[in-house]
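Residue numbers (the numbering used here), protein chains in the order written: chain A, -6 to 107; chain B, 161 to 273.
Just so you know, even glycine gets a beta-carbon here, dropped at the ideal spot from N, CA and C.
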């Protein structure tokens, strides 16, 4: 089954403790992206990647890192999480040029930072 | 950053009623997309629009790409309980072939049987 898989689905952590949220897609998609969803703010793009070893900042990249060492995986790294990073996170992928190939989303990771 | 203004923020309607929501921006977009998010899941694409003036239907859903390229609307006819969820518009800015996609704030729809 074609899908975008995020892990974990739920995560509670403490301020400053490094964490990684994994994202993997089995559709051989070139484009991958991370979003955070907050009430009243919709989905805001954190980072995206047009292909292996190519990553770019979205609208809210501060406090996050990503890597794209291989096509299928796009982990989101929080080196020193803070409470304002408590949010619902979505990974998404797309076959190619974004305008013509809409996104496939994972089921989300709910992160709480205390 | 760039913003899309989506309205209304929420709607509570009776089953069978029609629904209309829209997105506007001060910027020109070359693509408009409408997504639906069911509880506990990621958004799923409903309709994609690529040309100004384009009107596209998907079952009971109809969406249009505004002539000015700065707005789009989504209509749902004869709503049913499974239409419940959050609806997002999303757009890619004109003259842009980057990977940046901008989402609206979402419209939460509740349908009373």
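- In terms of CA proximity to residue 245 of chain B, B/199 leads the group B/199, B/193, B/232.
- With a threshold of 7 Å between beta carbons, residue 99 of chain A makes contact with chain B.
- In the same chain as residue 234 of chain B, and ignoring 5 residues on each side of it, the C-beta atoms closer than 6 Å to its own belong to 181, 194, 223, in chain order.
- The alpha-carbon separation between residue 42 of chain A and residue 24 of chain A amounts to approximately 6 Å.
- Beta-bridge partners of residue 73 of chain A (DSSP): none assigned.
- If the five residues before and after residue -3 of chain A are omitted, its C-beta is found closer than 7 Å to the C-beta atoms of 16, 18, 84, 85, 86, 97, 98, 99, all from its own chain and listed in chain order.
- Counting only runs of at least 3 residues, the segment 13 to 45 of chain A fully encloses the following beta strand (DSSP E) elements, listed from N- to C-terminal order: 24 to 31, 35 to 44.
- Residue pairing of residue 47 of chain A in beta bridges, as defined by DSSP: A/44.
- Annotated three-state conformation of residue 78 of chain A is helix, per DSSP.
- In the DSSP assignment, residue 231 of chain B falls within the beta strand (DSSP E) that extends over 231 to 236.
- Annotation for residue 212 of chain B: 225, 227, 229 place their beta carbon closer than 6 Å to its own, counting only its chain and skipping 5 residues before and after.
- Leaving aside the five residues that flank residue 4 of chain A on each side, the residues in its chain whose CB is nearer than 6 Å to its CB run, in chain order, 104.
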